[in-house]
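Trainee: In this note's numbering, each residue's number is its place in the sequence shown (first place is 1) plus 33. We put the beta carbon where it would ideally sit given N, CA and C, even for glycine. Predicted, not measured: the structure shown is a model, and the values here were computed from it.
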Amino acid sequence: MKRIAVQGIVGSFHEDAAQRYFNKKIEVVECKSFTSVCELVDTDKVDYAVMAIENSIAGSLLKNYQLIRDYHLRIIGEIYLHIQMNLMAVKGVKPSDITDIYSHPVALQQCVEYLEQYFPNANLHEGLDTAAAAKLMSDEQLPHAAAIGNLRSAELYKLNILETGIETNKKNYTRFLVLAKHGNPTEKANKASLCFEVGHFYGSLARVLNVFAENEINLAKIQSVPVIGKPNEYTIHVDIEWEKLENYDRALHQALKSVSSLAILGEYERSEIYMHDQ
34 MKRIAVQGIV GSFHEDAAQR YFNKKIEVVE CKSFTSVCEL VDTDKVDYAV
84 MAIENSIAGS LLKNYQLIRD YHLRIIGEIY LHIQMNLMAV KGVKPSDITD
134 IYSHPVALQQ CVEYLEQYFP NANLHEGLDT AAAAKLMSDE QLPHAAAIGN
184 LRSAELYKLN ILETGIETNK KNYTRFLVLA KHGNPTEKAN KASLCFEVGH
234 FYGSLARVLN VFAENEINLA KIQSVPVIGK PNEYTIHVDI EWEKLENYDR
284 ALHQALKSVS SLAILGEYER SEIYMHDQ
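What follows is the structure in structure tokens.
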């Protein structure tokens with residue numbers, strides 16, 4: 034059975050993403066931080082890790098880009114999860130009983146309109162993850178509290194769903210990366226994550242991006258990440274997609290002439306974005 038490290042506990046969105054990606058029985062290893070997740074992969078204590086890298090509302094997790102590079106991890110896959118938020122509580126609790134609501138800070142933020150409309154006076158409590166909030170309801174059997182999280186955590190911790198789909202934006206996705214210590218060479222790869230640095234002169238970045246365009250490479254994402262300890266210096270992270278492998282190989286060879294450094298963080302199969310309930 035493969036061991037997969039995730040940030041958070043069983044029932045979290047990270048664990049949900051891991052289950053969906055591997056689609057078979059796995060052993061999920063719970064971690065309190067993203068750093069711990071990377072350490073477990075680096076020290077061979079787990080086979081893979083699943084780590085969030087961006088959310089369609091909250092944006093990119095810049096620290097996680099840095100962790101991937103610091104630990105020299107390889108991206109071997111990706112999965113997009115449709116994030117649906119639900120209000121849940123222990124059996125017998127009615128909406129009129131609720132004085133306190135627990136969840137992850139980002140989850141609370143994503144449900145702010147619902148909370149302002151229906152629970153304007155409730156005390157909001159921020160925790161490590163949505164599943165931990167659900168577990169707290171179950172462990173403590175809180176009679177005046179509710180948690181916000183996914184359907185899986187409600188099922189795991191035997192909570193009643195009081196309301197589904199309470200997030201403000203219904204097209205809310207999180208992209209998760211699947212990480213390993215070594216790359217997975219795959220003939221089916223049609224996407225890659227690269228990072229590079231260019232010199233400080235006009236047109237230096239455009240020159241690299243033009244190489245991709247000229248070789249019919251689609252630029253799916255571009256993100257600048259500050260270089261720690263070096264003011265005004267940035268590493269450029271890009272996700273690129275291709276139809277023909279020879280175009281990718283040629284573009285990579287040409288791009289090397291216009292960068293001061295370049296690293297391939299991973300080559301993998303592009304994931305489709307599916308709508309499904311959480």
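Report buried or exposed for S293, applying the criterion of at least 16 other Cβ atoms within 10 angstroms of its Cβ.
Mentor: Counting from 1 along the sequence shown, the entry for residue 293 is found at position 260. Exposed, since its Cβ has fewer than 16 Cβ neighbours within 10 Å.
Trainee: Assuming W275 contacts I255 (C-beta within less than 8 angstroms), just tell me the rounded distance between them.
Mentor: Taking the first residue of the sequence shown as position 1, residue 275 is located at position 242. Taking the first residue of the sequence shown as position 1, residue 255 is located at position 222. Not a contact, Cβ separation roughly 16 angstroms.
Trainee: From which residue to which residue does the beta strand (DSSP E) around D133 run?
Mentor: For this step, residue 133 is matched to residue 100 along the sequence shown. Element bounds for D133: 133-136.
Trainee: Cutting at 6 angstroms between CB atoms, please list the residues of its own chain near V244, excluding the five before and the five after it.
Mentor: Counting from 1 along the sequence shown, the entry for residue 244 is found at position 211. Cβ within range, chain order: A284, Q287, A288.
Trainee: So T201 packs on I116, CB below 8 angstroms; how close in whole Å?
Mentor: Taking the sequence shown and counting its residues from 1, the one referred to as residue 201 is at position 168. Taking the sequence shown and counting its residues from 1, the one referred to as residue 116 is at position 83. Rounded, the Cβ-Cβ distance is 11 angstroms, inconsistent with contact.
Trainee: For K191, which option in H177, I108, A164, A213 has the closest C-alpha, if you only look at C-alpha atoms?
Mentor: Start at 1 with the first residue of the sequence shown, and residue 191 comes out as number 158. Of the listed residues, the one whose Cα sits closest to K191 is A164.
Trainee: Using CA coordinates, which residue listed in E230, N248, R303, G182 is at the minimum distance from E263?
Mentor: Here residue 263 is taken as the residue at index 230 of the sequence shown, counted from 1. Reading off the sequence, residue 263 comes out as Lys, not Glu. If we check each option's Cα against that of K263, E230 comes out closest.
Trainee: Starting from K224, trace the alpha helix (DSSP H) in both directions and tell me its first and last residue.
Mentor: As a first step, residue 224 must be located in the sequence shown, where it is residue number 191. Counting along the chain, K224 falls outside any alpha helix (DSSP H), though it belongs to the beta strand (DSSP E) covering 224-230.
Trainee: Threshold first: 3 residues or longer. Then list the beta strand (DSSP E) segments lying entirely within the region 58-82, N to C.
Mentor: Entirely contained in the region 58-82, the beta strand (DSSP E) runs reaching 3 residues are, in chain order, 59-64.
Trainee: What whole-angstrom Cβ distance do E60 and V39 have, given they're in contact under 8 angstroms?
Mentor: By 1-based counting over the sequence shown, the position of residue 60 is 27. By 1-based counting over the sequence shown, the position of residue 39 is 6. Contact flag wrong, Cβ pair sits at about 11 angstroms.
Trainee: Start and end of the beta strand (DSSP E) containing D272?
Mentor: Walking along the sequence shown from the start, residue 272 turns up at place 239. 267-274 is the span of the beta strand (DSSP E), which, as asked, contains D272.
Trainee: For the beta strand (DSSP E) containing I101, list its first residue and its last residue.
Mentor: Taking the sequence shown and counting its residues from 1, one reaches residue 101 at position 68. No beta strand (DSSP E) contains I101, which is instead part of the alpha helix (DSSP H) from 95-103.
Trainee: Going by DSSP, what residues sit across from Q256 in a beta bridge?
Mentor: Against the sequence shown, residue 256 aligns to sequence position 223. BP columns for Q256 point to H270.
Trainee: Would DSSP call E173 helix, strand or coil?
Mentor: In the sequence shown, residue 173 corresponds to position 140, counting from 1. Helix at E173.
Trainee: Compare the beta carbon distance of L169 and A179 with 8 angstroms and say whether it is the shorter of the two.
Mentor: Taking the sequence shown and counting its residues from 1, one reaches residue 169 at position 136. Taking the sequence shown and counting its residues from 1, one reaches residue 179 at position 146. In this structure, A179 does not lie closer than 8 angstroms to L169 by Cβ.
Trainee: With DSSP collapsed to three states, give me the class of Q40.
Mentor: Position 7 of the sequence shown, counted from the first residue, corresponds to residue 40. It is a strand residue.
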